[in-house]
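Step one of this worksheet: look at the structure below.
In the working numbering, the protein residues as written are 170 to 279.
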């Protein structure tokens, strides 16, 4: 049971870190934001997927959010900040935990 509790706690912490980082930093181009942490390599990964090539402003918003996330980790950890162009016509590829997903009506039409 302790392993389950640890995993839930870890997931909640990672999701909270990215949610907090995104406050005030969600650019209109952002389609999706996700996060994962690799204990073996001591790396936290944050992926931002944008509608097309991200503008400089969109990249700045994502970098600010990633910095907020990284500030929650010990100095021995590394940050893998990923900015990916993902046009609406293409799919998305999230990391372990999806934290933000833009509503796109055409994705839900059957």
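Glycine residues also receive a C-beta, built at the ideal position from the N, C-alpha and C atoms.
Write down the C-beta distance between residue i and residue j rounded to the nearest angstrom, noting that I regard them as a contact closer than 8 Å.
i           : j           : result
residue 186 : residue 230 : About 16 Å; that fails the 8 Å criterion.
residue 176 : residue 265 : About 11 Å; that fails the 8 Å criterion.
residue 239 : residue 228 : Wrong, their Cβ atoms sit about 16 Å apart, outside the cutoff.
Buried or exposed for residue i, going by 16 or more other Cβ atoms inside 10 Å?
i           : result
residue 190 : buried
residue 214 : buried
residue 244 : exposed
residue 178 : exposed
residue 224 : exposed
In terms of DSSP beta bridges, what is residue i paired with?
i           : result
residue 201 : 218 and 270
residue 250 : 215
residue 206 : 213
By how many angstroms is the C-alpha of residue j removed from the C-alpha of residue i?
i           : j           : result
residue 258 : residue 237 : 30 Å
residue 221 : residue 201 : 12 Å
residue 182 : residue 275 : 32 Å
residue 195 : residue 209 : 30 Å
residue 273 : residue 199 : 11 Å
residue 235 : residue 192 : 11 Å
Are the C-beta of residue i and some C-beta of chain C separated by less than 9 Å?
i           : result
residue 183 : The chain inventory of the structure shown lacks chain C, comprising one protein chain alone.
Apart from the five residues just before and just after residue i, which ones in its own chain have a Cβ nearer than 8 Å to its Cβ?
i           : result
residue 253 : 216, 217, 218, 219 and 262
Only counting the same chain, and skipping five residues up and downstream in sequence, which positions put a Cβ closer than 6 Å to that of residue i?
i           : result
residue 271 : 200
residue 267 : 203
residue 212 : 247 and 249
residue 251 : 216
Using a Cβ-Cβ cutoff of less than 7 Å, which residues in the same chain neighbour residue i once the five nearest sequence positions on both sides are dropped?
i           : result
residue 233 : 194
residue 256 : 220 and 221
residue 188 : 268
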